[in-house]
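Residue numbers (numbering that gives the first Met the number 0): 0 to 120.
Here's the structure we're looking at; comments come further down.
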Amino acid sequence: MTPDEEVQQVLDAVSQLRARHAAFTVACQGIHGDQFHPDVQARWDNEGNLRGIDIAPNALRDYTNLELEDIISDVMRRTRLDVGDKFQALFDKYLGFDSPSFDPDILGVPMAPLLRTIAGQ
């Protein structure tokens, strides 16, 4: 292989890795936590930061303050774990080269040869 061909392989791998990362980022934007309680919903962003808590108006009259505190804490904990699991599953699929869930052809094109070598594919 000539030096120019080697450089081209590296450029192809970098380009495809950037495309994988971009596709991963788009996929992460679609992550939403499941609803674990009918009256309380926690919303998290892609970076694991709390974006907001939605509390149904009836919850303020249907639960004591201690019950509502427990519900909110439980929903926040469970939703954060759920979002984290979904994020990790997407990471494994797009970028987790050593994961059994890794999809080498997720972009719809064959994986670049150098990336395939790095991934042990």
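Idealized CB from N, CA, C, for every residue including glycine.
Quantities reported herein were computed from a predicted structural model and do not represent experimental measurements.
Nearest to Ser72 by alpha carbon, out of Asp38, Gly107, Arg60 and Ala22?
Here residue 72 is taken as the residue at index 73 of the sequence shown, counted from 1. Among Asp38, Gly107, Arg60 and Ala22, the Cα nearest to that of Ser72 belongs to Asp38.
Where His31 falls: helix, strand or coil (DSSP)
The residue given as residue 31 occupies position 32 in the sequence shown. It is coil, neither helix nor strand.
Cα-Cα separation between Leu10 and Gly51, rounded to whole angstroms
Residue mapping note: residue 10 aligns to position 11 of the sequence shown, counting from 1. Residue mapping note: residue 51 aligns to position 52 of the sequence shown, counting from 1. Leu10 and Gly51: Cα-Cα distance of roughly 41 Å.
Rounded distance between the beta-carbons of Trp43 and Val82, thought under 8 Å:
As a first step, residue 82 is located in the sequence shown; it is residue number 83 there, counting from the start. As a first step, residue 43 is located in the sequence shown; it is residue number 44 there, counting from the start. Confirmed, about 5 Å.
Do the region 15–25 and the region 104–113 make contact, defined as three or more Cβ pairs closer than 8 Å?
yes
Would you mind working out which of Phe101, Phe86 and Asp84 sits nearest Lys92, comparing C-alpha positions?
Along the sequence shown, one-based indexing puts residue 92 at 93. Ranking Phe101, Phe86 and Asp84 by Cα distance to Lys92 puts Phe101 first.
Nearest-angstrom Cα distance between His20 and Asn48?
Within the sequence shown, numbered from 1, the residue matching residue 20 stands at position 21. Within the sequence shown, numbered from 1, the residue matching residue 48 stands at position 49. His20 and Asn48: Cα-Cα distance of roughly 20 Å.
For Asn45 versus Gln34, is the C-beta distance shorter than 8 Å?
Here residue 45 refers to the residue found at position 46 when the sequence shown is read from its first residue. Here residue 34 refers to the residue found at position 35 when the sequence shown is read from its first residue. Going by C-beta atoms, Asn45 is not nearer than 8 Å to Gln34.
Mind checking whether Ile70 and His36 have CB atoms under 8 Å apart?
Taking the first residue of the sequence shown as position 1, residue 70 is located at position 71. Taking the first residue of the sequence shown as position 1, residue 36 is located at position 37. In this structure, His36 lies closer than 8 Å to Ile70 by Cβ.
Considering just the uninterrupted stretch of the alpha helix (DSSP H) at Asp73, what are its terminal residues?
Taking the first residue of the sequence shown as 1, we reach residue 73 at position 74. Asn64 to Tyr93 is the span of the alpha helix (DSSP H), which, as asked, contains Asp73.
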